[in-house]
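Chemist:
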Amino acid sequence: MNIKLIKTEEDYQLALQRLEDIFDAEPDTQEGDELEVLSFLIDSYEKEHFPIGAPDPIEAVKFRMEQLGIKQKDLAEVLGFKSRVSEVLNRKRKLTLEMIRSLHKTLNIPTNVLIQEY
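If you read the sequence shown in UniProt numbering, its first letter stands for residue 1, the second for the next number, and so on.
Set out below in structure tokens:
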């Protein structure tokens with residue numbers, strides 16, 4: 001096992017190739033341990049160099065609605081009137097604190113996603 005920190009793009013590519021080579025390694029073996037450590041190093045490098053930002057609040061609401069099979073009319077029970085739902089989803093009305101709380105509770109969308117500027 002010859003593991004080192006991933007500092008460059010070349011190191012990253014080599015680590016990905018090695019990970020692919022030992023991907024099916026059995027746990028509690030030398031290759032299994034290498035796989036575990038290499039996975040951690042790759043994850044750490046990716047978090048630093050390829051961060052994924054939080055989604056847009058309205059897109060998160062639309063995505064969650066799609067996942068749950070919820071229609072705009074169903075969301076009226078959460079946000080108030082059908083017209084209000086339409087205004088929010090079309091970005092003509094900003095989410096209020098009360099709406100954010102309701103969406104978080106009902107759709108289980110993290111509040112840190114819903115409070116972002118859009």
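Each residue gets a CB set at the ideal place from its N, CA and C atoms; glycine is no exception. For clarity, every value in this text was computed on a predicted model and none was experimentally measured.
1) So is the beta-carbon of GLY80 under 8 Å away from any non-hydrogen atom of the ligand NAD?
2) Taking just the CA atoms, how far does SER83 sit from ARG18?
3) Using the Cα positions of THR106 and GLU59, report the straight-line distance between them to the nearest angstrom.
4) Closer than 6 Å by C-beta to ILE6: which residues in its own chain qualify, once you throw out the five before and the five after it? Chain order, please.
5) Would you kindly check if the distance between the Cβ of TYR118 and the Cβ of ASP24 is under 9 Å?
Modeler: Here's the rundown:
1) Ligands are entirely absent from the displayed structure, and the ligand NAD is therefore not among its contents.
2) In a straight line, the C-alpha of ARG18 is about 55 Å away from that of SER83.
3) Taking the straight line joining both Cα atoms gives about 16 Å.
4) Closer than 6 Å at the Cβ level, and outside the excluded window around ILE6, lie TYR12, ALA15, LEU41, TYR45.
5) Cβ distance not < 9 Å, so ASP24 and TYR118 don't count as in contact.
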